[in-house]
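For the sequence shown, the working numbering assigns the number 1115 to the initial residue and increments by one for each residue that follows.
Shown next, in structure tokens, is the structure this report addresses.
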Amino acid sequence: MQVKKCLICKEVVQSRNKIEECLVCSDKKSSILFKCNLNILILKHGSIVSPPHQPCNHLCACEGCAPLMKKCVQCRANIDQVVPFIVCCGGTAPPPPQLMLNNATSNANNNNNNNNNSAGNATNAQIIGSFMNNGARDVTNNDIQKLQQQLQDIKDQTMCPVCLDRIKNMIFLCGHGACQMCGDRMSICPICRNSIEKRILLY
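Shown next, in the form of structure tokens:
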């Protein structure tokens, strides 16, 4: 069964987009909607005019990656507001992280009145450790290592395999490539050892 009208604004649904995975971590489904103001200058009748602010409404990041982003990864516009996916479906937004932190801390204190102070302090430290001062979730070492590995994979795919300094902008007929400076000097592909018959420059 398909929804014919938006659950929030009651407007008729004109198109539907499949929710893809997060463009940053590629582990979770995108679940945060970005509200960005696009300040795009348009050339109209020989003069430059600025159109009214339009939200980009891109759904491209998960709840773990969205707090770390300042710009939308699709349109590069500054993010003014983030909307959880549950709100887009007509639900209610979850309480802010700081409120959740205060509630969790008070509950922990109430439940541990009969315990010693050291156990209570350890519980509070464990709860507080998952949030940063601005209310965003703290990033674990595993997340940082995963992002570093993804960055290294991207570098390995785009950098010249010979000098490892310049961008790979020349492709051979065998499918492998190198930078122009290294490619012009080679007669044999350094990867598959086939003779280079033709060089194709990428722009």
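Positions of the beta carbon are idealized from the N, C-alpha and C atoms, including for glycine.
These figures come from a predicted structure and were not determined experimentally.
Item	Value
Rounded to whole angstroms, how far is the Cβ of Met-1284 from the Cβ of Ile-1314, which I believe are closer than 8 Å?	7 Å
Following the continuous beta strand (DSSP E) through Met-1284, name the residue where it begins and the one where it ends.	1284–1286
Taking only three categories from DSSP, how would you classify Ala-1191?	coil
Residues in its own chain within less than 6 Å of Gly-1291 by CB, not counting five upstream and five downstream?	Lys-1282, Met-1284 and Ile-1285
Please go through the same chain and pick out, in chain order, the residues whose beta-carbon is closer than 7 Å to the beta-carbon of Ala-1172, but skip the five residues on each side of it.	What sits at residue 1172 in the sequence shown is His, not Ala. Correct list, in chain order: Phe-1148, Cys-1186, Gln-1188 and Cys-1189.
For Ile-1302, is the classification buried or exposed, using 16 other Cβ atoms within 10 angstroms of its Cβ as the cut-off for buried?	exposed
Using 8 Å for Cβ pairs, my map puts Gly-1178 next to Lys-1143. What's the rounded Cβ distance?	Not quite, the Cβ-Cβ distance comes to about 11 Å (not below 8 Å), so this is no contact.
DSSP three-state call for Cys-1174: helix, strand or coil?	strand
Under 8 Å, do Ile-1146 and Cys-1176 count as touching if we go by C-beta distance?	yes
In chain order, what residues of the same chain lie with their CB nearer than 6 Å to the CB of Cys-1277, ignoring the 5 residues before and after it?	Cys-1296
Using the Cα positions of Gln-1294 and Gln-1264, report the straight-line distance between them to the nearest angstrom.	25 Å
I'd like to check one pair, Lys-1269 with Cys-1139: are the Cβ atoms closer than 8 Å?	no
Grab me the residues of Lys-1312's own chain with a C-beta within less than 6 Å of its C-beta, minus the 5 sequence neighbours each way, in chain order.	Leu-1287
Using three-state DSSP, classify Pro-1304 as helix, strand or coil.	coil
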